[in-house]
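K.L.:
Once you've had a glance at the structure underneath, I'll fire off some questions.
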Amino acid sequence: MVSLSGNLLFASFILYLIATVFFAGSIKDKKGKLKEKGPNKWAKIAIFITIIGFISQLGYFITRWIVAGHAPVSNMFEFGTFFALSLVGAFIVLYYMYKTPLLGVFTLPVALLLIAFSSMFSRDISPLIPALQSHWLYIHVTTAALGQAILGMSFAAGLIYLVKAIDQSKPSKRTFWLETIMFGLICTLGFVLVTTTFSLLDYKAEFNWIDKNGQQLKQEYTMPAITGPNEGELLTAGKFEPLVEMPGIINAKKLNTVVWSLLSGTIIYLLFRLIIRKRVGAVLQPVVKNIKLDLVDEIGYRSVLIGFPVFTLGALIFAMIWAQIAWTRFWGWDPKEVWALITFLFYAAFLHLRLSKGWHGEKSAWLAVVGFVIIMFNFVAVNLVIAGLHSYAG
Amino acid sequence: MKHVKCECGHVNPHGTILCEACGRVLQESEKEKQLVDMRYEGSARRSQTYNKTIVDKVWNFFSSVKVGVWLIVITLIASALGTIFPQEMYIPPIMPAAEYYEDQYGWIGKLYYDLGFHNLYSSWWYLVLIASIGISLVICSLDRVIPLWRALKAQRVSRHEGFLKRQRVFGVSEASNLDESYEKVKERLKAKRYNIREEDGNILAEKGRFSRWGPYVNHIGLIIFLIGGMLRFVPGMYIDEVLWVREGETKVIPETDGQYYLKNNKFILEVYDKDKDNQAFSEAIEEKGMVAKNYQSNVTLYKKKGETVAGQPPELEKVKDYPIKVNEPLKFEGYALYQVSYKLDELSKMTFTLGNKKSNESFGEVKIDLNDPKDRYDLGNGYAVEVVSYFPDFEFDDSGEPVTKSKVPNNPAFVFKMITPDKKEGEISFVAIQQTIEPFGDNEYKMNFSGIDTKNVSSITVRKDLTLWLIAFGGLIFMIGVAQGSYWNHRRIWIRRVNDEVWIAGHTNKNWHGLKREIQAVLEDTGIKEPEDQMQKEENKE
Ligand code: HEM
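If you read the sequences in order, they're chains P and H.
In terms of numbering that gives the first Met the number 0, the first sequence is residues 0 to 393.
In terms of numbering that gives the first Met the number 0, the second sequence is residues 0 to 541.
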């Protein structure tokens with residue numbers, strides 16, 4: 000059953016990949032016959048494949064639930080894949096609301112990256128510690144992830160808006176920031192590639208090192224150490240010696256992973272620019288040529304409107320109910336909680352700016368991007384860097 | 000106060016921009032504009048009308064959305080700052096916070112501490128921020144909701160042409176056999192759940208007006224929530240105590256006026272077993288080592304019976320047995336008891352034998368309850384041991400005197416007086432773990448350590464929170480409000496006959512795409528032309 004579950008997830012990954020290609024194809028096909036009403040044949044195939052992929056991933060979720068005896072939303076891998084599942088679900092709903100295949104071209108890659116990224120973390124089925132043994136675990140985490148995924152759809156819409164609206168004929172602040180977003184996505188890809196490569200090579204290097212309290216500890220690197228630990232001493236023969244040594248207060252191993260991701264991302268990005276000789280945004284621009292800006296704007300806004308209440312319910316209200324039961328108080332200023340509050344405040348500001356200050360169109364699109372960065376920060380950095388009660392890392 | 004009478008006869012409050020009833024533009028400055036600002040129906044808002052006194056100025060400050068958004072953004076950034084390093088409540092109690100931050104994070108940590116960020120969320124300025132948001136919520140809502148309510152109530156079906164012309168969605172169309180199309184349009188509008196009002200052959204189709212109250216409802220929810228949070232500072236509303244109870248021990252529950260007692264029968268700690276538990280977990284358990292499965296205190300709750308007589312133990316009546324687990328607190332009369340922590344194997348009893356050093360002969364055993372030692376233990380035949388002093392958590396202080404750090408028997412030490420038939424005065428001996436000191440020279444007798452008993456201790460949080468219901472109520476109202484404002488929109492379609500033409504205007508508070516699609520569907524094959532989005536027309540021109 001465990002392997003069935005893993006295979007279903009893998010199948011859904013492949014299906015999303017194929018669906019992306021079909022969605023992209025559906026755009027090209029439209030060129031000549033703009034007048035055509037509704038999605039064309041390519042788009043219909045694409046959404047069909049997406050739905051099959053969604054069902055397959057749902058199968059992964061259910062089988063894993065059965066095996067574990069609890070909903071698989073309790074660690075980095077499980078949460079990330081569930082997030083991707085919700086994102087695809089939200090996309091399917093929005094697709095039928097607005098009939099825009101283009102949305103798939105931007106959403107599915109994000110879902111793919113999420114699944115790939117999450118799969119780099121431990122995939123073991125873990126038992127639940129006492130604090131997590133509650134039905135509120137499923138209720139809270141699934142609703143929160145769903146809310147975040149719907150909000151994430153506004154990121155996809157925002158991205159489409161920006162790619163279309165930003166003038167690519169000359170470099171500007173706007174093209175710079177758009178490229179920065181693309182670079183961020185590429186670095187995620189870089190992380191996945193580097194991690195997979197070294198894990199296939201079975202790279203393992205052990206270090207003795209001295210932590211900030213002066214204690215000697217052992218640490219195992221699974222990637223060649225660019226940033227080595229404080230007073231690190233390489234124990235495994237024939238492995239790469241660190242280039243720079245970090246002071247004790249910095250987690251050199253995690254920093255090393257970040258450096259590798261940035262490095263590989265930069266290489267991929269530069270190669271792309273060298274070969275294509277255009278910005279990533281400029282390359283994508285023809286893809287979005289036929290979409291109406293006000294429609295994308297509305298899809299983005301709609302996603303925030305739908306997602307905000309769901310997010311509030313899941314990430315704040317259900318979270319508070321559970322915290323009251325498990326930790327005796329409904330709020331404790333734990334970093335994860337604070338970042339959920341920050342997300343909430345951010346989207347509240349978004350709604351006010353939009354409704355009362357008339358921040359439509361491009362401004363709104365930029366805000367949607369920033370919102371998603373906050374959500375991702377809460378998922379990645381708060382779990383891995385700022386450790387707290389919720390941290391999956393510990 | 001001055002009122003403005005519109006040509007249509009309706010009397011509007013001073014400051015009104017668009018007549019509440021017919022929509023005629025009343026303010027000169029607005030007449031120039033190509034589209035009217037429909038946000039609050041052009042109603043007279045206090046903040047837009049008065050700006051003389053201090054009250055006006057404060058009111059205008061807090062009712063501005065710009066200010067509101069700034070407050071939200073500043074709060075957001077401040078909250079983020081508080082997560083850079085752990086807050087004081089989460090740092091281990093190994094050293095004072097003043098040193099901890101510098102020790103762990105260097106000069107940045109020191110700066111963090113000096114700026115007070117280690118207690119950010121209870122700092123005065125953070126609370127001022129939250130309070131300002133609260134004030135802003137009240138004022139901005141009052142500023143808008145009353146005029147908006149008036150305007151929506153007073154609106155008439157027939158709107159002035161200038162009003163229709165300046166709507167974002169607007170179109171004029173000439174149409175033959177209008178009556179037939181009219182019926183069709185009305186049918187379709189009804190099918191789409193529009194409320195239809197008619198007057199002189201003009202139509203106002205409206206739906207989802209209640210969604211306009213969504214923001215105000217959710218703001219009220221937030222205010223209730225904040226008030227609930229403030230109530231916590233009222234004495235008696237909020238209780239947060241920790242109770243350590245040893246197995247077998249019965250303790251009064253704090254803050255219950257001595258009415259309730261808790262007995263800890265047993266503390267249980269379970270860990271996952273690789274072989275016995277779900278096989279799927281085995282790899283994770285192997286990797287992580289030990290994973291806790293259950294923390295549980297089996298307790299009995301007692302209630303005091305009658306009055307306590309001074310010096311006598313209270314008479315207790317059993318209320319119930321309950322296994323307190325994480326996520327399963329014991330609740331009674333507004334109190335909740337939570338399993339929060341534990342200590343395994345705390346020393347509870349120590350056993351010694353009194354023996355002769357030379358002959359190794361033993362004269363009996365003394366079992367001392369470390370939490371309640373007796374003064375004297377008689378061993379019979381003239382043998383006895385007196386406990387002269389007891390140090391449950393012993394150490395030597397700076398002057399070399401034995402002292403105790405706490406009442407918890409972490410490191411017990413005793414001064415014994417050993418009384419034997421031949422030493423009736425008794426010999427004095429100081430006994431601690433792994434050491435014996437004989438302060439008055441060599442003794443003949445000795446207390447030989449022979450064993451310990453241990454017990455587990457449960458840490459139970461005693462919680463009473465009378466603010467919860469208000470906070471939950473605020474949350475509920477908030478959710479109703481956001482759902483109301485987000486999942487419905489207020490849409491209006493005006494249809495007016497002007498001579499041989501049909502004028503159609505549409506307005507929605509959000510989701511224009513949806514409105515346009517709806518109008519398109521309603522007008523299909525009626526011969527009436529679809530109105531245009533004037534905003535988009537402008538954009539396309541650019
Ligand atoms: C954390 C605090 C706040 C939250 C969560 C919040 C939430 C909301 C939400 C969800 C809406 C509806 C938006 C929409 O439907 O697009 C709204 C509308 C609004 N809020 Fe807030 N709000 C907050 C604070 C404030 C503050 C401080 C002000 C004061 C300036 C304010 C003024 C308004 C106004 C004027 C509206 C629009 C009402 C309308 O046009 O009918 N809000 N708020």
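From the three backbone atoms N, C-alpha and C, an ideal C-beta is built for every residue, glycine too.
Contact criterion: CB-CB distance below 9 Å. Does V1(P) meet it with respect to chain H?
P.N.:
The residue labelled residue 1(P) in the question sits at position 2 within the first sequence. Chain H, which has a Cβ nearer than 9 Å to the Cβ of V1(P), makes this yes.
K.L.:
Quick check: the Cα distance between F329(P) and P126(P), rounded to an integer number of angstroms?
P.N.:
As a first step, residue 329(P) is located in the first sequence; it is residue number 330 there, counting from the start. As a first step, residue 126(P) is located in the first sequence; it is residue number 127 there, counting from the start. So the two alpha carbons sit approximately 24 Å from each other.
K.L.:
If you draw a straight line from the C-alpha of T49(P) to the C-alpha of D293(P), how long is it?
P.N.:
Stepping through the first sequence from its first residue, residue 49(P) is reached at position 50. Stepping through the first sequence from its first residue, residue 293(P) is reached at position 294. Spanning the two alpha carbons is a distance of roughly 26 Å.
K.L.:
Straight-line CA distance for I225(P) to W176(P)?
P.N.:
Sequence index remark: in the first sequence, residue 225(P) carries index 226 (1-based). Sequence index remark: in the first sequence, residue 176(P) carries index 177 (1-based). Rounded to whole angstroms, I225(P) to W176(P) spans 28 Å at the Cα level.
K.L.:
What's the C-alpha gap between N508(H) and R165(H)?
P.N.:
Walking along the second sequence from the start, residue 508(H) turns up at place 509. Walking along the second sequence from the start, residue 165(H) turns up at place 166. Distance between the alpha carbons of N508(H) and R165(H) is about 15 Å.
K.L.:
Is T256(P) near F190(P), with beta carbons less than 9 Å apart?
P.N.:
Residue 256(P) sits at position 257 when you count from the first residue of the first sequence. Residue 190(P) sits at position 191 when you count from the first residue of the first sequence. Contact: yes.
K.L.:
Nearest-angstrom Cα distance between R211(H) and I51(P)?
P.N.:
What you label residue 211(H) is simply residue 212 of the second sequence in a count that begins at 1. What you label residue 51(P) is simply residue 52 of the first sequence in a count that begins at 1. Distance between the alpha carbons of R211(H) and I51(P) is about 40 Å.
K.L.:
Quick one: does A67(P) have its CB under 9 Å from some CB of chain H?
P.N.:
As a position in the first sequence, residue 67(P) is number 68, starting the count at 1. Output row for A67(P): interface = yes.
K.L.:
Give me the Cα-Cα distance between K29(P) and N39(P), rounded to the nearest whole angstrom.
P.N.:
For the purposes of this step, residue 29(P) is identified with residue 30 of the first sequence, where counting begins at 1. For the purposes of this step, residue 39(P) is identified with residue 40 of the first sequence, where counting begins at 1. For K29(P), the pLDDT reaches just 48, beneath the cut-off of 50, and the residue's location in the model is therefore unreliable, leaving the point undetermined.
K.L.:
Report whether the distance from the Cβ of P146(H) to the nearest heavy atom of the ligand SAM is below 8 Å.
P.N.:
The model depicted lacks the ligand SAM and carries the ligand HEM instead.
K.L.:
By the criterion of Cβ-Cβ separation under 8 Å, what are the contact partners of R301(P) in chain H?
P.N.:
Numbered from its first residue, the first sequence carries residue 301(P) at position 302. Residues of chain H passing the Cβ test: N510.
K.L.:
Note down, in chain order, each residue of its chain lying with its Cβ closer than 6 Å to the Cβ of L465(H), except the 5 sequence neighbours on either side.
P.N.:
Here residue 465(H) refers to the residue found at position 466 when the second sequence is read from its first residue. Result list for L465(H): M236, in chain order.
K.L.:
Quick check: what's the CA-CA separation for E529(H) versus Q535(H)?
P.N.:
Taking the first residue of the second sequence as 1, we reach residue 529(H) at position 530. Taking the first residue of the second sequence as 1, we reach residue 535(H) at position 536. Approximately 14 Å between the Cα atoms of the pair.
K.L.:
In chain P, which residues lie with their C-beta within 9 Å of the C-beta of I71(H)?
P.N.:
Walking along the second sequence from the start, residue 71(H) turns up at place 72. The answer, in chain order, is L344, F345, A347, A348, H351.
K.L.:
Residues in its own chain within less than 7 Å of T525(H) by CB, not counting five upstream and five downstream?
P.N.:
In the second sequence, counting from the first residue as 1, residue 525(H) sits at position 526. These residues qualify, in order along the chain: S180, K183, V184.
K.L.:
Can you give the beta carbon distance from G280(P) to V162(P), rounded, assuming they're within the 8 Å contact cut?
P.N.:
Taking the first sequence and counting its residues from 1, the one referred to as residue 280(P) is at position 281. Taking the first sequence and counting its residues from 1, the one referred to as residue 162(P) is at position 163. Indeed, because the Cβ distance is near 5 Å, the residues count as touching under 8 Å.
K.L.:
Beta strand (DSSP E) containing N201(H): first to last residue?
P.N.:
Within the second sequence, the letter at position 202 stands for residue 201(H). First-last of the beta strand (DSSP E) with N201(H): 201-206.
K.L.:
Would I274(P) be called buried (16 or more neighbouring beta carbons within 10 Å of its own) or exposed?
P.N.:
If you number the first sequence from 1, residue 274(P) lands on position 275. Result: exposed.
K.L.:
Note down, in chain order, all residues in the segment 470-487 of chain H with a beta-carbon under 9 Å from any beta-carbon belonging to chain C.
P.N.:
Looking for chain C here will not work: the only protein chains present are P and H.
K.L.:
Enumerate in chain order the residues of its own chain whose CB-to-CB distance from E541(H) is below 6 Å, with the five nearest sequence positions on each side excluded.
P.N.:
Position 542 of the second sequence, counted from the start, is the residue given in the question as residue 541(H). Bear in mind that a pLDDT of 44 at E541(H), under 50, signals an unreliable position, so the model cannot answer this.
K.L.:
Determine the direct distance from the alpha carbon of K189(H) to that of F9(P), and round the result to whole angstroms.
P.N.:
If you number the first sequence from 1, residue 9(P) lands on position 10. If you number the second sequence from 1, residue 189(H) lands on position 190. Between F9(P) and K189(H), the C-alpha separation is close to 49 Å.
K.L.:
Between the segment 66-82 of chain H and the segment 109-127 of chain H, are three or more C-beta pairs nearer than 8 Å?
P.N.:
Touching, yes, given that three or more Cβ pairs across the two stretches are closer than 8 Å.
K.L.:
Examine the ligand HEM and report whether any of its heavy atoms sits within less than 8 Å of the Cβ of C18(H).
P.N.:
Residue mapping note: residue 18(H) aligns to position 19 of the second sequence, counting from 1. No, Cβ of C18(H) sits at least 8 Å from all heavy atoms of the ligand HEM.
K.L.:
Check the Cβ of K356(P) against every Cβ in chain H and list those closer than 9 Å, keeping chain order.
P.N.:
Stepping through the first sequence from its first residue, residue 356(P) is reached at position 357. Here the neighbours are V64, K65, V68.
K.L.:
For Y259(H), return the contacting residues in chain P, with the cut-off set at a CB-CB distance below 7 Å.
P.N.:
In the second sequence, counting from the first residue as 1, residue 259(H) sits at position 260. Residues of chain P passing the Cβ test: none, with the nearest at roughly 17 Å.
K.L.:
Do you know offhand how far R375(H)'s Cα is from S458(H)'s?
P.N.:
Taking the second sequence and counting its residues from 1, the one referred to as residue 375(H) is at position 376. Taking the second sequence and counting its residues from 1, the one referred to as residue 458(H) is at position 459. R375(H) and S458(H): Cα-Cα distance of roughly 32 Å.
K.L.:
If I measure Cβ to Cβ from A23(P) and keep anything under 8 Å in the same chain, skipping five residues before and after, which residues do I get?
P.N.:
Position 24 of the first sequence, counted from the start, is the residue given in the question as residue 23(P). Same-chain partners within the cutoff: V104, V286.
K.L.:
Please look up how many angstroms separate the CB atoms of L7(P) and G68(P), rounded, as I've assumed it's under 8 Å.
P.N.:
Here the question's residue 7(P) lines up with position 8 in the first sequence. Here the question's residue 68(P) lines up with position 69 in the first sequence. Wrong, their Cβ atoms sit about 18 Å apart, outside the cutoff.
K.L.:
Please state the DSSP three-state secondary structure of E31(H).
P.N.:
As a first step, residue 31(H) must be located in the second sequence, where it is residue number 32. Correct three-state label for E31(H): coil.
K.L.:
Rounded to whole angstroms, how far is the Cβ of Y259(H) from the Cβ of K317(H), which I believe are closer than 8 Å?
P.N.:
In the second sequence, counting from the first residue as 1, residue 259(H) sits at position 260. In the second sequence, counting from the first residue as 1, residue 317(H) sits at position 318. The Cβ separation is near 11 Å, so there is no contact.
K.L.:
So L312(P) contacts chain H; which residues on that side make the cut at Cβ distance below 7 Å?
P.N.:
Translated into positions along the first sequence, residue 312(P) becomes position 313. Under the 7 Å cutoff, chain H gives M478.
K.L.:
Hey, how far is the Cα of Q295(H) from the Cα of K342(H)?
P.N.:
Working through the second sequence from its first residue, we reach residue 295(H) at position 296. Working through the second sequence from its first residue, we reach residue 342(H) at position 343. In a straight line, the C-alpha of Q295(H) is about 12 Å away from that of K342(H).
K.L.:
The ligand HEM heavy atoms versus the CB of I76(H): any closer than 8 Å?
P.N.:
Working through the second sequence from its first residue, we reach residue 76(H) at position 77. No, the ligand HEM has no heavy atom inside 8 Å of this Cβ.
K.L.:
Please list the residues of the segment 265-283 of chain H that have a C-beta atom closer than 7 Å to any C-beta atom in chain P, keeping them in chain order.
P.N.:
So the close ones are Y271, D276, N277, A279, F280, E282, A283.
K.L.:
What do you get for S398(H), buried or exposed, if any count of 16 or more other CB atoms within 10 angstroms of its CB means buried?
P.N.:
One-based indexing of the second sequence puts residue 398(H) at position 399. S398(H) is exposed by the Cβ-count criterion.
K.L.:
Does the Cβ of N176(H) have 16 or more other Cβ atoms within 10 Å, making it buried, or fewer, making it exposed?
P.N.:
Reading the second sequence from its first residue, position 177 is the one you call residue 176(H). By the 10 Å Cβ count, N176(H) comes out exposed.
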